[in-house]
Amino acid sequence: MKIFPNVSIVYKNKFSKDFVNGVNGWFFSKKDLIKNKGKILTLDIDFGNACSLNCPCCFRRNNKVDFKASKLMGYADIVDVIKQGKKLGLKSVKFLGAGEPFENKKLLEFLRFLKKSNIIPVIFTKGHVIGDDSLVKKYFFDYGITTGKQLVKELKKANASILLGFNSFDTKIQDKMVGRVKGYALKRNRALELLAEAGFNKTNPTRLCLAANPITNENYSGLFEIYKWARARNLCTIICPTMISGRCSEKKVWNKITPSKKKLVDLYAKIYKFNIDKEIQTLGQIKKEGISPYAGASPCNQIACGMYVTLTGTVLRCPGDDITVFGNIWKEPLNAIWKKSENFKRAGAFNCYCPPKEGKSITKNFYSEVIKKLEKSQAKNQAKKLLNKKAVIDYNKTIKNLKRQK
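The opening residue of the sequence shown carries number 112 in the numbering used here; numbering runs sequentially from there.
In structure tokens:
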């Protein structure tokens with residue numbers, strides 16, 4: 112059964128001319144990247160390991176970097192990494208895993224530390240804690256917080272941006288995609304409603320995003336509907352094929368769940384056509400910037416201005432890659448790891464595409480095929496406009512001739 116969260120529309124027709132196509136703290140413009148070339152602007156981090164869900168596509172469970180790990184980062188270790196990052200230009204921190212951030216009782220303490228450090232927290236969450244007052248009380252009672260509404264108020268104070276897991280409007284499909292957890296989708300919907308009510312989607316750039324990834328055979332048919340619904344409500348939307356890490360690192364796994372190349376090209380082209388029609392982007396802009404691995408959203412450039420520090424202290428290229436290791440914080444300072452990394456050499460790049468997925472869940476020539484499909488679509492639209500214009504001219508001429516004959 113499909114259930115749509117109660118969130119008011121922000122953009123009824125065209126989008127504002129100054130509309131920013133990204134999420135605060137997650138998006139960096141070309142100007143930002145050039146101005147801060149060589150700096151670490153963002154860090155992906157693991158914050159704890161607890162998670163009551165069991166997502167079959169989790170990029171952090173069964174992850175190669177966790178094998179044989181003898182030491183995990185504690186709270187003080189994470190704070191130290193952030194302080195090192197701040198000296199290197201750090202502006203935002205993205206909470207990715209290895210657990211669900213809101214199932215960590217130290218979360219609000221850490222958010223307050225980030226606020227004092229003038230660093231934007233960008234939190235990837237499945238939202239079930241925010242949407243369930245009993246769970247809020249369980250994890251945040253020591254802060255005097257017992258309801259989702261109170262928790263959201265604290266998140267707003269911390270200047271946090273929220274990337275909320277959102278795979279489907281269909282509650283049955285959605286519950287299945289987090290490990291067959293019955294009732295999950297309803298809690299997620301309530302979390303979204305509370306965040307929107309608090310104004311997280313009233314800013315530009317927005318501070319609220321729907322993370323509809325990964326694209327699978329199961330949720331494929333509903334993703335364009337999610338995209339259109341979300342964008343009208345100023346919710347940025349992440350839609351992309353699965354990461355090639357964790358539970359989907361093996362070819363037989365990602366190959367089984369990922370739709371065909373044709374289906375993916377069709378979906379991306381539909382999304383970008385929507386952006387063009389709504390004046391979020393122009394075709395010229397899309398061709399200049401390149402297709403984003405996140406369909407319709409700002410291109411991914413985190414591997415030109417950041418790294419991923421895992422719970423084990425291992426520093427990786429990015430979350431989609433559990434193989435490319437840059438170093439380990441137990442052995443070297445962050446500065447040394449950054450300066451020798453391939454990400455540092457890539458500094459300033461606006462669209463880095465997605466190296467871990469390319470040739471795998473993102474197939475060869477995928478981006479160029481999306482562009483070709485868009486060009487054909489635009490050419491057809493132009494042809495229709497010309498035909499309609501000619502028809503109007505011919506009609507007006509006919510009317511004039513009839514009047515003269517009278």
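Each residue gets a CB set at the ideal place from its N, CA and C atoms; glycine is no exception.
Keep in mind the model is a prediction, meaning the values are calculated, not measured.
| request: Give every residue of the same chain whose Cβ lies closer than 6 Å to the Cβ of G438, excluding the five residues on either side of it in the sequence, and list them in chain order. | output: V426, I448
| request: Go to D322, then tell me how far its beta strand (DSSP E) extends in each direction, as first and last residue. | output: Here residue 322 turns out to be Ala, not Asp, going by the sequence shown. For A322, the enclosing beta strand (DSSP E) starts and ends at 319–322.
| task | Below 6 Å CB to CB, which residues in the same chain sit around S135 once its five sequence neighbours on both sides are set aside? | result | A quick correction: the sequence has Asn, not Ser, at residue 135. When the five nearest sequence neighbours on each side are left out, the beta carbons in the same chain lying within less than 6 Å of the beta carbon of N135 are those of S272, P316, R318, in order along the chain.
| Quick one, which of F138, G200, F126 has its alpha-carbon nearest L521's? | The requested residue 521 does not occur in the structure, where the chain is confined to residues 112 to 517.
| Is C359 closer than 8 Å to C166 when the C-beta atoms are compared? | Their beta carbons are not under 8 Å apart, which means C166 does not touch C359 by this criterion.
| query | Since Y419 is in the alpha helix (DSSP H), which residue starts that stretch and which ends it? | reply | According to the DSSP assignment, Y419 belongs to no alpha helix (DSSP H) but to the beta strand (DSSP E) extending over 417–420.
| In chain order, each alpha helix (DSSP H) run of at least 4 residues that lies wholly inside the stretch 291–318 | 295–308
| Over what stretch of residues does the alpha helix (DSSP H) that includes L364 continue unbroken? | It is worth fixing the name first, because residue 364 is Val in this sequence and not Leu. From DSSP, the alpha helix (DSSP H) with V364 extends over 362–368.
| query | Got a sec? Which residues, its chain only, sit under 8 Å from I382 by beta carbon, not counting five neighbours each side? | reply | F335, Y338, I350, A406, G407
| query | Is the distance from the Cβ of K391 to the Cβ of P467 below 8 Å? | reply | This sequence places Ile at residue 391; Lys is not what is there. No.
| By a C-beta neighbour count over all protein chains shown, 10 Å radius and 16 as the cutoff for buried, is F138 buried or exposed? | buried
| Helix, strand or coil: which one does DSSP assign to E469? | strand
| message | Determine whether the beta carbon atoms of T353 and S472 lie at a separation below 8 Å. | response | yes
| said: Short of 8 Å in beta carbon distance, which residues of its chain neighbour I387, apart from the five on each side in sequence? Order them along the chain. | reply: T393, L394, I397, L485, Q489
| Beta-carbon proximity check, C320 vs L275, cutoff 8 Å | A contact, by the Cβ cut-off of 8 Å.
| Residue burial classification, S452 (beta-carbon count within 10 angstroms, cutoff 16) | The residue in question, S452, is buried, as its Cβ has 16 or more Cβ neighbours within 10 Å.
| task | List the residues that DSSP assigns as beta-bridge partners of D281. | result | K113
| said: Output needed for S279: all residues of its chain with C-beta closer than 6 Å, excluding positions within five of it in sequence on either side, in chain order. | reply: Taken in chain order, the residues that qualify are Q285, N330, G333.
| request: Would you check if the distance between the CB atom of I234 and the CB atom of G259 is smaller than 8 Å? | output: no
| request: Buried or exposed for A269, please, with buried defined as at least 16 other CB atoms from any protein chain shown within 10 angstroms of its CB. | output: buried
| said: Using DSSP's beta-bridge definition, name the partner residues of N439. | reply: T425
| query | If you draw a straight line from the alpha carbon of D243 to that of G294, how long is it in whole angstroms? | reply | 11 Å
| query | For F277, which residues of its own chain have a beta-carbon under 6 Å away from its beta-carbon, when the five flanking residues on both sides are left out? | reply | L321, A323
| task | Out of P325, C411, G208, Y186, state which residue places its alpha-carbon closest to the alpha-carbon of A458. | result | If we check each option's Cα against that of A458, C411 comes out closest.
| message | Quick check on K288: buried or exposed, where buried means 16 or more other Cβ atoms within 10 Å of its Cβ? | response | Note that residue 288 is Met in the sequence shown, not Lys. Buried: at least 16 other Cβ atoms inside 10 Å.
| Taking C-alpha atoms, which residue in L222, N366, F224 lies nearest to P325? | N366
| request: Return the chain-ordered ranges of every beta strand (DSSP E) run that is complete within the stretch 157–217 and spans a minimum of 3 residues. | output: 203–208
| query | What are the boundary residues of the alpha helix (DSSP H) that includes I273? | reply | Run containing I273: none in the alpha helix (DSSP H); it sits in the beta strand (DSSP E), 272–276.
| request: Would you mind listing the beta strand (DSSP E) stretches within the stretch 232–265 that are 3+ residues and don't spill past its ends, in chain order? | output: Segments of the beta strand (DSSP E) lying fully in the stretch 232–265: there are none.
| said: Please tell me whether K154 and G424 are closer than 8 Å, where the distance is taken between their beta carbons. | reply: Looking at the sequence provided, one finds Leu at residue 154 rather than Lys. Contact: no.
| CA-CA distance, C463 and I402? | 10 Å
| task | Name the two residues that bound the continuous alpha helix (DSSP H) containing I387. | result | 372–388
| request: Quick one: residues in its chain with C-beta nearer than 6 Å to the C-beta of A296, no 5 flanking neighbours on either side, listed in chain order? | output: T282, Q285, D286
| field | Distance, E469 Cα to K475 Cα | value | So the alpha carbons of these two residues sit roughly 7 Å apart.
| With 16 as the cutoff for other CB atoms within 10 Å, does A187 come out buried or exposed? | That one is exposed.
| field | DSSP beta-bridge partners of L154 | value | V204, M418
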